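Trainee: Last residue of the sequence shown: 1459 (my numbering), numbering continuous. Ideal placement from N, C-alpha and C gives every residue a C-beta, glycine not left out. Since the model is a prediction, treat every value here as computed from it, not as a measurement. I have a structure I would like to understand better, so I am pasting it below and will then ask my questions one at a time.
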Amino acid sequence: EKIDFKEYFHTTIKRGGVSDTHIGHNSELMEITHEAYDYFAQLGLKIVNHVGDITNGSPKHEEHAKGEVREWRATPLTNDVINLYPRRKGIETHMVSGDHDRRFLDANGYDILDPITKVRQDIKYLGIQQGESSEGRFLTWLKHFNWGTGYAKSYKPQQVAEGVLKELKLEKEIKKYRGKVLSLLSGGGHVYCAMLYKGIIFILMPCLQGKTGFITGLGKLSDVGFIIYSITHNEDGKLTEFSVEYFDRG
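What follows is the structure, encoded as structure tokens:
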């Protein structure tokens, strides 16, 4: 039977994606982050997802004692994000906090993204280390894990996808997501990987942070860059195509 491509490629979304910018660390890459947003704007993208660790937070690995951190105080760091993070007309950034961002919250109850998003109306805060957004039949999860940079890139996505599906079944929420095209973007790993696993489009996000003493000491390398991804479903709401463009800036 001849394929009706208008029905097969019925609806498409296209998004930008960044993660782990670690603003405040000497290895922050704001020039490349702005370069990414320039390209997003050039393509006319309306939504960019940031999957956590917007800031380096308060020192987690004693970076300040080693001279690796530019700023780690809560108020100046808040103002840095407000003033330095890219802002482009027509683009809304969806953010979740990462484990570095939440160190202020864990220490003294200060959720650094809350005041930032009250000032920056172009940024939508989806939650602490995880959030959800939807548009039509498309549902996107943003999740940030403190899992470091593993060697086998596909292992954690498989583990997380299995956990998500198990949790939905246990909470009897699986019906809520039927008929939806599910995608999950995960920050915190500093490595890039994209796969389709048990019906979930899983994108392990690269970072926008240069070399650090901590990562170098582990003998590991980060994938530095940003992504643009698109997802398409047919007239019945079933996934028919997805693609990811990875822009390597390492």
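Quick one, are the C-beta atoms of residue 1246 and residue 1295 less than 7 Å apart?
Mentor: Translated into the one-based positions of the sequence shown, residue 1246 becomes position 37. Translated into the one-based positions of the sequence shown, residue 1295 becomes position 86. Yes, they are a contact pair.
Trainee: With a CB to CB cut of under 7 Å and the five nearest residues on each side skipped, what residues in its chain are close to residue 1444?
Mentor: One-based indexing of the sequence shown puts residue 1444 at position 235. Same-chain partners within the cutoff: 1216, 1219.
Trainee: What residue ranges within the stretch 1308 to 1347 form continuous alpha helix (DSSP H) runs of no fewer than 4 residues, ordered along the chain?
Mentor: The qualifying runs are 1312 to 1317, 1322 to 1328.
Trainee: Tell me the DSSP secondary structure of residue 1284 in three-state form.
Mentor: By 1-based counting over the sequence shown, the position of residue 1284 is 75. The answer is helix: DSSP assigns residue 1284 an H, G or I state.
Trainee: Just verifying my parser: in three-state terms, what is the DSSP assignment at residue 1403?
Mentor: In the sequence shown, the residue the question calls residue 1403 occupies position 194. Strand, per DSSP.
Trainee: Using 8 Å as the Cβ pair cut-off and three pairs as the minimum, do the stretch 1280 to 1295 and the stretch 1377 to 1391 touch?
Mentor: Segments in contact, no.
Trainee: Roughly how many angstroms lie between the CA atoms of residue 1389 and residue 1264, to the nearest whole one?
Mentor: For the purposes of this step, residue 1389 is identified with residue 180 of the sequence shown, where counting begins at 1. For the purposes of this step, residue 1264 is identified with residue 55 of the sequence shown, where counting begins at 1. Approximately 32 Å, taken between the alpha carbons.
Trainee: Can we say the stretch 1222 to 1235 touches the stretch 1403 to 1411, given the rule of at least three CB pairs closer than 8 Å?
Mentor: Too few Cβ pairs lie closer than 8 Å, so no.
Trainee: Which residues mark the beginning and the end of the beta strand (DSSP E) in which residue 1454 is found?
Mentor: Mapped onto the sequence shown, residue 1454 falls at position 245. Residue 1454 -> beta strand (DSSP E) spans 1448 to 1457.
Trainee: For residue 1427, is the classification buried or exposed, using 16 other Cβ atoms within 10 angstroms of its Cβ as the cut-off for buried?
Mentor: The count along the sequence shown starts at 1 and reaches residue 1427 at position 218. That one is exposed.
Trainee: May I ask you to report which of helix, strand or coil DSSP gives residue 1265?
Mentor: Residue numbering aside, residue 1265 sits at position 56 when the sequence shown is read from its first letter. DSSP places residue 1265 in coil when its eight states are reduced to three.
Trainee: Is the beta carbon of residue 1260 less than 7 Å from the beta carbon of residue 1351?
Mentor: Locating residue 1260 in the sequence shown gives position 51, counting from the first residue. Locating residue 1351 in the sequence shown gives position 142, counting from the first residue. Contact flag set, yes.
Trainee: Using only CA atoms, which one of 1446, 1361, 1433, 1438 lies nearest to residue 1240?
Mentor: To locate residue 1240, count along the sequence shown from 1; it is residue 31. Checked all of 1446, 1361, 1433, 1438; the closest Cα to residue 1240 is 1433.
Trainee: Is there contact here, the stretch 1333 to 1341 with the stretch 1299 to 1315, by at least three beta-carbon pairs under 8 Å?
Mentor: The stretch 1333 to 1341 is in contact with the stretch 1299 to 1315.
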